[in-house]
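Colleague: Quick note: the sequence shown uses the working numbering, first residue 4, plus one each step. Glycine included, each C-beta is placed from N, C-alpha and C at the ideal position. For clarity, every value in this text was computed on a predicted model and none was experimentally measured. Can you keep this structure in mind? I'll have questions shortly.
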Amino acid sequence: MKCEIIPERCIACGLCQTIAPEIFDYTDDGLVLFVGEPDAIHEFIPIEQQPEVIQAAKRCPSHAILFQNS
Ligand code: SF4
């Protein structure tokens with residue numbers, strides 16, 4: 004599964020990092036980024052972490068996390 008983040012939409016609520024701390028982290032301003040890949044906006048999500056990422060995407064209040072099953 005591929006995941007895309009759109010930091011321009013992020014409102015720095017912190018929810019995605021709470022739900023999927025192995026995947027999402029934050030800039031100093033609280034905007035979403037990927038753990039270990041601060042410059043990436045796309046990441047491949049291993050199967051074990053997909054449920055958390057899907058939850059984060061569905062619950063993100065500003066629709067800043069997208070995923071694609073493929
Ligand atoms: S849940 Fe959405 S709005 Fe909240 S920090 Fe994560 S990406 Fe940003």
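Pull up the CB-CB distance for M4 and Q71, whole angstroms please, since I reckon it's below 8 Å.
Modeller: Contact holds; Cβ gap of about 7 Å.
Colleague: Can you tell me where the beta strand (DSSP E) holding I68 begins and where it ends?
Modeller: 68-71
Colleague: Suppose the cutoff is 8 Å on Cβ atoms and the five residues either side in sequence are ignored; what does the same chain contact list for P10 look like?
Modeller: Cβ-Cβ distances below 8 Å link P10 to T30, L34, V35, L36, I44, A67 in the same chain, with the five nearest sequence neighbours on each side left out; the list follows chain order.
Colleague: Which residues are close to the ligand SF4, meaning CB closer than 5 Å to any heavy atom, in chain order?
Modeller: C13, I14, C16, L18, C19, V35, C63, S65, A67
Colleague: Note down the Cα distance separating E55 from E7, rounded to an integer number of angstroms.
Modeller: Here the alpha carbon of E55 sits roughly 14 Å from the alpha carbon of E7.
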